[in-house]
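This report concerns only the one structure given below.
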Amino acid sequence: MSGFTGQHILSVNQFDRSAVEQVFKVADMMLPYAKREKRTQVLDGAILGNLFFEASTRTRVSFGTAFNLLGGEVRETTGMSSSALAKGESLYDTARVLSGYSDIIAMRHPVSGSVAEFAHGSRVPVINGGDGANEHPTQALLDLYTIAKERASQGAGIDHLHIAMIGDLKFGRTVHSLAKMLSLFNKVKFTLISPSELCMPSSVCDTIVNAGHELIITEQLEGIVEADICYQTRIQEERFPSQDEANKYRGKFRLNQQIYTQHFKSQTVIMHPLPRDSRAEANELDNDLNMHPNLAIFRQTDNGVLVRMALFALTLGVADKVSDFDRPVHWFSNKPLGK
Amino acid sequence: MSGFTGQHILSVNQFDRSAVEQVFKVADMMLPYAKREKRTQVLDGAILGNLFFEASTRTRVSFGTAFNLLGGEVRETTGMSSSALAKGESLYDTARVLSGYSDIIAMRHPVSGSVAEFAHGSRVPVINGGDGANEHPTQALLDLYTIAKERASQGAGIDHLHIAMIGDLKFGRTVHSLAKMLSLFNKVKFTLISPSELCMPSSVCDTIVNAGHELIITEQLEGIVEADICYQTRIQEERFPSQDEANKYRGKFRLNQQIYTQHFKSQTVIMHPLPRDSRAEANELDNDLNMHPNLAIFRQTDNGVLVRMALFALTLGVADKVSDFDRPVHWFSNKPLGK
Amino acid sequence: MSGFTGQHILSVNQFDRSAVEQVFKVADMMLPYAKREKRTQVLDGAILGNLFFEASTRTRVSFGTAFNLLGGEVRETTGMSSSALAKGESLYDTARVLSGYSDIIAMRHPVSGSVAEFAHGSRVPVINGGDGANEHPTQALLDLYTIAKERASQGAGIDHLHIAMIGDLKFGRTVHSLAKMLSLFNKVKFTLISPSELCMPSSVCDTIVNAGHELIITEQLEGIVEADICYQTRIQEERFPSQDEANKYRGKFRLNQQIYTQHFKSQTVIMHPLPRDSRAEANELDNDLNMHPNLAIFRQTDNGVLVRMALFALTLGVADKVSDFDRPVHWFSNKPLGK
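Protein chains in written order, with this note's numbering: chain A, 423 to 761; chain B, 423 to 761; chain C, 423 to 761.
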């Protein structure tokens, strides 16, 4: 487990199947810590620079929690206005300076390519927490890890998976990255369901097809979709050229208990990148599925902590030392995690 | 000390006299840690999610410090704009997600009832740090704890106390909650002094009277008030229908050294929920009392740390294990705390 | 090392040569911890209140990191809006309250004198992290420490140093404080290069001359400047009465590889208080010097951590106990620090 040591994690393109499986193996080891069955102090004294130049409560706290669970400390920066970037400082300078304050950096920034530019000046490993429309590799890894765990609980693997991706497949950074990572595996079947205006970019479709996977493109849910995974995303109606155009599809890509029963098989696992819009007009993923055992959306965010712990452990070279620093947990905990 | 384990702390109405006394007993045990005479690592490895969707420096830092003093880590979120709530995420979803990142949550939110709604989705205990005009139970507990300690230093208890509450008793969430908690004790005398426009709501008065306590309602300080505690609150002049109306009371509910000497007995303890407005025009609680030994306003905020430590220890089930993890303190400390 | 224990650090005027040398001796001891060769837990259980009522990512994170590296926890407050100060609370009250939550406070505030006013109400030591145009003593100390380390690597000390200060010497708080501290040493030569509109204030020049140092004041770089240190600052063109006036000097106080070669000797060390404006129109300190071995600007910020660790250790009375709590570091680190 040494190939990651000292490396930046900037893009899903860095990962081959072997690297993905290495991350997942370490993530599996992290479950007892996340469940508070025990705790580790392997990173006691290490500091994460958690730099969120763009707001993202979920991702920011997930990185911070993952580092705390390994025993480390977190120094956090949020927002652009509080940053020297606003005074004309280059990302190179910011990176040279801030990398002197921590052992590793997690960074989100609204501009595509900015995290890679920052990493160029950094003296410590940088993990991309999302750079605009470009990359968000830890989201792709946690999605893929969730698929692996949900499938494993059904006695299957990622190979031979059938995944339906539904909604806005054009602007959704998440589904692009996930499709690329799934393409590393064998014989995956993709059913892509979206309005034609919001279909998957051809470059991603090419990746899928060139890797030898089966690809079905359609505009509507029809009959039974024999998918193992239904990955639902939000359609933002303002993406359409007119409200009339949007109305044609209104509710067609929504998922609720009735639609689930009508179109999916009983084992189909429901995923969503979150946050979901729970307002009545949102037409996204209804609350009547909240207690459904196949709704994996909150297992996704729980798994995010495990994946980020794994990446920290691997890039800091302690993946095989974590359990050397185990200590018992003394407080009350009753948190169901894992699948 | 197990009745609190795994429970949410949402309202003063959850507390009977026995529960209050249990909290105070644990708070007493926390004093040596707050004074840095020793330190404990009982919560080493635990994470507090400190969610302040509304600004409150004092309460936020007090919760965070209390958790650190028990050995735990704090992951903090401040403001609404940086939250997925702004994108239409339900409090239920936010709670399901964020409760996967911590062992316990302290939360403030501007909307009444929001913290209870959040707690419904949370998989870990939630402590209400203030939900709009509704509840702020840790403030009520720290006020009551302060009364108990001040009284104990005079050889008395909360039973048979005489408390004067002064100022805006209509809109002051603090005095409502404190009056309810005091009603759990025996033979308390309440002297409520406010303009009639800002008098105590009848529901609170009913609670006081129905519990068999003595209640005096008046519009002005007159003669000597034989109160053991003077609980002062701020009058916001914009609450009155007109400036003329406000002028009738201007300065009548202000407290300074001269007014204190004229109207109170020499042992009367002065309290205030803070922050106080120290600007000249504020007419609230003057700085000439800052060095008065009976001014307990800063002992209140100090006590807030003890009470919050106690609630964390109780809800996480470690109240009787705290001293098992004691370690010496090696740095300079000379902080006078306690009464 | 006991003269600092329990003291506030508010101004460079508190320091004589002996105190400066004491800080630097402790800072030297901190290098192995900053390089992650080992770690210390001497402040395990201590809490820093990091109060940044004005934004400053670099200084805020540097203080927080320094405290973490000594084993302590950090509770942070940023911005004015989230503060009770906005509701009319006095700095005295804020200090009385917040000093109950921590063992030491680092504070930045936009108003001159505010940190000293706050310190008056604080029950724990306060370190000034910058109060408006007034003081920023830790910046002056880290600049001077950098000079000492750069000189030591050349076999020399601060005595007999020749420093050139260039740019806006009128409004630059940094150069005023640094000049005062350098004046504590022997036979320093100051070459002050600025437009006459932006020259060093006469009070600072008086300090230099009265201490027996050599002072040269000029408006332009001419011939070879035989300086050991070139301390570059930014000229803000809006400081001039007119754009015509500003144009007269445009580019005259800029530093790049060609100007460096033309005007300085090969050992001259380049310093800058950062952040530097790296936009093309900035005319400040060009990126073509980024890899120059004498560019010390990032060693300055690295040294800031050492100096702040030293101040924390000294004010909390643990400077001679730090290594009693050493523990090994287990994670990957490859951070070149020091000179």
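Glycine residues also receive a C-beta, built at the ideal position from the N, C-alpha and C atoms. All values reported here derive from a predicted model rather than from experimental measurement.
Can you confirm whether residue i, when its beta carbon is compared against all beta carbons of chain A, has any partner nearer than 8 Å?
i          : result
Asp-525(C) : no
Gly-486(C) : yes
Phe-754(C) : yes
Ala-732(C) : no
Arg-518(B) : yes
Ala-704(C) : yes
Between residue i and the ligand ATP, is there a pair consisting of the residue's CB and a ligand heavy atom that are separated by less than 7 Å?
i          : result
Val-740(C) : Ligands in the displayed structure: none, and consequently the ligand ATP is not present.
What is the rounded straight-line gap between the Cα of residue i and the Cα of residue j?
i          : j          : result
Phe-437(A) : Glu-703(A) : 39 Å
Ala-633(B) : Ser-536(B) : 30 Å
Asp-450(A) : Val-519(B) : 20 Å
Asn-435(A) : Ala-517(B) : 33 Å
Met-423(A) : Phe-540(A) : Interpretation of Met-423(A) is limited by its pLDDT of 41, a score under 50 that renders its predicted location unreliable; the figure taken from the coordinates is listed afterwards. Cα-Cα distance, rounded: 26 Å.
Ile-585(A) : Leu-465(A) : 37 Å
Arg-701(C) : Gln-679(C) : 17 Å
Arg-698(B) : Glu-660(B) : 17 Å
Phe-754(B) : Val-548(C) : 14 Å
Glu-498(B) : Ser-544(A) : 26 Å
Thr-427(B) : Val-740(B) : 9 Å
His-430(B) : Ser-521(B) : 13 Å
Asn-766(C) : Ile-657(C) : Here chain C has residues from 423 to 761 only, and residue 766(C) is not among them.
Gly-645(C) : Glu-636(C) : 19 Å
Leu-491(A) : Met-529(B) : 21 Å
Leu-432(B) : Tyr-671(B) : 36 Å
Ile-681(A) : Val-647(A) : 11 Å
Phe-612(C) : Met-587(C) : 7 Å
Would you call the CB atoms of residue i and residue j closer than 8 Å?
i          : j          : result
Leu-453(A) : Leu-728(A) : yes
Arg-573(A) : Leu-563(A) : no
Ala-722(B) : Asp-590(B) : The identity of residue 722(B) in the sequence shown is Gln, whereas the question assumes Ala. No. Outside cutoff.
Glu-495(A) : Ile-527(A) : no
His-531(A) : Tyr-514(A) : no
Leu-759(C) : Asp-710(C) : no
Ser-745(B) : Thr-568(B) : no
His-558(B) : Ser-524(B) : no
Met-488(A) : Met-713(A) : As written in the sequence, residue 488(A) is Ala, which differs from the Met given in the question. Cβ distance not < 8 Å, so Ala-488(A) and Met-713(A) don't count as in contact.
Are any of the Cβ atoms in chain B nearer than 8 Å to that of residue i?
i          : result
Gly-522(C) : yes
Phe-747(A) : no
Phe-437(A) : no
Asp-850(C) : No information on residue 850(C) is available, as it lies outside the stretch 423 to 761 that chain C covers here.
Ser-440(A) : no
Thr-479(C) : no
Ala-528(A) : no
Lys-609(A) : no
Met-423(C) : Low confidence applies here, because Met-423(C) scores a pLDDT of 42, under 50, leaving its location unreliable and the question unanswered by this model.
Leu-564(C) : no
Counting only C-beta atoms, is residue i closer than 8 Å to chain C at any point?
i          : result
Val-546(A) : yes
Thr-560(B) : no
Gly-428(A) : yes
Val-751(B) : yes
Lys-509(A) : yes
Leu-491(A) : no
Compare the C-beta of residue i against all C-beta atoms of chain F and say whether one is closer than 8 Å.
i          : result
Arg-701(B) : The chain inventory of the structure shown lacks chain F, comprising the protein chains A, B and C.
* Scan the stretch 716 to 728 of chain A for residues whose Cβ lies nearer than 7 Å to a Cβ of chain B and list them as they occur along the chain. => Phe-720, Thr-723, Asp-724 and Val-727
* **Interface residues of the stretch 451 to 472 of chain A facing chain C [CB-CB below 8 Å]** => Val-464, Leu-465, Asp-466, Gly-467, Ala-468, Ile-469 and Gly-471
* Asked: Between the stretch 593 to 607 of chain C and the stretch 550 to 565 of chain C, are three or more C-beta pairs nearer than 8 Å?
  -> yes
* Do the stretch 602 to 619 of chain A and the stretch 439 to 451 of chain A make contact, defined as three or more Cβ pairs closer than 8 Å? -> yes
* State whether the stretch 677 to 696 of chain B contacts the stretch 640 to 655 of chain B, with contact taken as three or more CB pairs (one from each stretch) at a distance under 8 Å. => yes
* Asked: Is the stretch 610 to 628 of chain C in contact with the stretch 732 to 741 of chain C, if contact means three or more CB pairs nearer than 8 Å?
  -> no
* Asked: Would the stretch 476 to 484 of chain C and the stretch 456 to 463 of chain C be scored as touching if the rule is three or more Cβ pairs under 8 Å?
  -> no
* Should the stretch 742 to 761 of chain A be regarded as contacting the stretch 473 to 482 of chain A, the criterion being three or more beta carbon pairs within less than 8 Å? -> no
* To do: Identify each residue in the stretch 683 to 698 of chain C for which the Cβ-Cβ distance to at least one residue of chain A is less than 8 Å, and report them in chain order.
  => Leu-696, Pro-697 and Arg-698
* **Short-range partners of chain C found in the stretch 590 to 614 of chain B, where Cβ spacing is below 7 Å** => none
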